[in-house]
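For reference, the structure discussed in these notes is given below.
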Amino acid sequence: MITTTLFAPILGGAIGYVTNDIAIRMLFRPHKPKYLFGMHVPFTPGIIPKEKGRIACAMGEAISENLMNKEVLERTLLSDDLLSKISATIDNFCEKQSRNGETIRCFCKKFLSDDEIERITNSAAGEFERLLADKLSHSAFGDDIAHLAINHAIGKVSDGVLGIFGADKFLSPVAAIAEPLLAKEINKMLQNNSQDIIHKLVSEQSDEFINTPMSTFFSGHEEQIQQVKDIVLSVYHIVIIDHLPRMLAALDISHMIEQRINEMDMNEIEPIILQVMAKELKAIVWFGAGLGALIGCVNILF
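Numbering (my numbering), first residue to last: -2 to 299.
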């Protein structure tokens, strides 16, 4: 009698456990359609492999519209907590560099090769040289030099012995004629030699700069560093506010997620889902066992 009474709940529980376990497995398996004597076997492939394209599209749209949209990202990226972390990161970096005795070249070697450093340095120096040489060759810089030189010469004469005899008054008419001629020659000289003059200056300065210790730029320049930090945070804020929508449109997150899921094989997808939902899926299986056992108990009573 006891055996008969227990048989129905045990059988019901076993049936509920097995059927729910099979149903969950059928979500994923088989991965490909099966055929028997040329006829398609029903329920193959499993629901998820069969609907993978539709699921990928739905997931891409759901994530881009609800989790990765402008409002959510903007609220996250401009949160007080994140801005505080960015500010603290900048402060920590600057504080560390204020005690860093290695040169800029050595610091850059942590991220770039020697060839890349040389290429960047030469490119920046070359661009700066061309800019300065162009400005110098097309400026009236010679006029200023000639004017200063003539005035300096007249001043020297005025302060000397000849100044007592009023020699500076006789020099003024000569200077009025000589100054334009001198200015013309200086401007011509600058036009013909500006590239060489600037190259020497920039080359020396770039070598000096690349071999300057990092601490030189950070130690004792707290006010300037604070200004730079404020600029960085301001630019970051502007980029998020003004350019985030364009970046999201360019990235097309929905399409990226859909494409990635479609590229994944079911042998990759199945372990991921099972790992995330293992506890919940196991609960469904045991719920089926409990429900089957309950139905078995009801059958005994009625």
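For each residue, glycine too, the CB sits at the ideal point set by N, CA and C.
Quiz item: In whole angstroms, what separates the C-alpha of G163 from that of A146?
Solution: Because the pLDDT of G163 is 49, which lies under 50, any placement of that residue in the model is unreliable, and the number read from its coordinates should be weighed accordingly. Looking at the backbone, the Cα of G163 and that of A146 are separated by about 20 angstroms.
Quiz item: In three-state DSSP terms, what is L75?
Solution: Three-state result, L75: coil.
Quiz item: For I237, which residues from the same chain have a beta carbon less than 7 angstroms from its beta carbon, with the 5 sequence-adjacent residues on both sides left out?
Solution: Excluding positions up to five away in sequence, the list reads E71, L74, L75.
Quiz prompt | With 16 other Cβ atoms within 10 Å as the buried cut-off, status of G293 | solution = Under the 10 Å beta carbon count, G293 is surrounded by 16 or more other beta carbons and is classified as buried.
Quiz item: So, is N17 buried or exposed, given that buried needs 16 or more other C-beta atoms within 10 angstroms?
Solution: By the 10 Å Cβ count, N17 comes out buried.
Self-check item: H196 versus R102 - alpha carbon distance
Solution: Their backbone Cα atoms lie some 21 angstroms apart in a straight line.
Quiz item: Does DSSP classify T213 as helix, strand or coil?
Solution: Helix at T213.
Quiz prompt | C91 versus I222: straight-line alpha-carbon distance, rounded | solution = About 8 angstroms.
Quiz item: Secondary structure at H37, three-state DSSP: helix, strand or coil?
Solution: Residue state, collapsed to three classes: strand.
Exercise. Select from L24, D77, C105, F4 the residue whose C-alpha is nearest the C-alpha of E267.
Key: When the alpha-carbon of E267 is set against those of L24, D77, C105, F4, the nearest one is in L24.
Quiz prompt | CB contact flag (L278, I21, <9 angstroms) | solution = Cβ atoms of L278 and I21: closer than 9 angstroms.
Self-check item: Neighbour flag for K197 against chain D, beta carbons, 9 angstroms
Solution: In the displayed structure, chain D is absent; only one protein chain is listed.
Quiz item: Considering only residues of the same chain and omitting the five flanking positions on each side of P302, which have a CB-CB separation below 7 angstroms?
Solution: It is not possible to answer for residue 302, since the shown part of the chain is limited to -2 through 299.
Self-check item: Which residues DSSP lists as bridging Y32, in chain order
Solution: Paired residues: H37.
Exercise. Check whether the Cβ atoms of G10 and A246 sit closer than 9 angstroms, and answer yes or no.
Key: Not in contact: G10 and A246 (Cβ atoms no closer than 9 angstroms).
Self-check item: Option nearest I250 by Cα separation, candidates G35, A55, I12
Solution: Nearest neighbour of I250 by Cα position, chosen from G35, A55, I12, turns out to be A55.
Quiz item: Should V199 go down as buried or exposed, given a rule of 16 or more other Cβ atoms within 10 Å for buried?
Solution: Buried, since its Cβ has 16 or more Cβ neighbours within 10 Å.
Practice problem: Note the first and the last residue of the continuous alpha helix (DSSP H) segment covering V229. | Solution: First-last of the alpha helix (DSSP H) with V229: 219 to 235.
Self-check item: Distance between G50 and E255 (C-alpha atoms, nearest Å)
Solution: Looking at the two C-alpha atoms, the distance is approximately 8 angstroms.
Exercise. Taking E260 as the reference, give the member of A5, A53, Y32, K29 with the closest Cα.
Key: Residue A53 is the option with its Cα nearest to E260.
Quiz prompt | Pairwise C-alpha distance: K47 and L33 | solution = So the alpha carbons of these two residues sit roughly 18 angstroms apart.
Quiz item: Quick one, are the C-beta atoms of F125 and M211 less than 9 angstroms apart?
Solution: Result no, Cβ atoms of F125 and M211 do not sit closer than 9 angstroms.
Exercise. Please check the pair L178 and S84, which I expect to be a contact at CB under 8 angstroms, by giving their CB distance rounded to whole angstroms.
Key: For a cut-off of 8 angstroms, the C-beta gap from L178 to S84 is around 60 angstroms, too long to register as a contact.
Quiz item: Is Q94 near F206, with beta carbons less than 9 angstroms apart?
Solution: No; because the gap between Cβ atoms is not below 9 angstroms, this pair is not in contact.
Quiz item: Pick from S120, F108, I142: whose alpha carbon is nearest that of K185?
Solution: Of the candidates S120, F108, I142, the one whose C-alpha sits nearest the C-alpha of K185 is I142.
Quiz prompt | Strand pairing of T100, partner residues [DSSP] | solution = According to DSSP, T100 bridges with P210.
Quiz item: How about G301 and A286: are their beta carbons less than 9 angstroms apart?
Solution: Residue 301 lies beyond the stretch modelled for the chain, which goes from -2 to 299, so this question has no answer here.
Quiz prompt | For S61, the nearest candidate out of M253, L271, S81, R96 (CA to CA) | solution = Checked all of M253, L271, S81, R96; the closest Cα to S61 is M253.
Practice problem: Tell me, to the nearest whole angstrom, how far the beta carbon of S203 is from that of T118; I am working on the premise that it is less than 8 angstroms. | Solution: 6 angstroms between Cβ atoms; contact.
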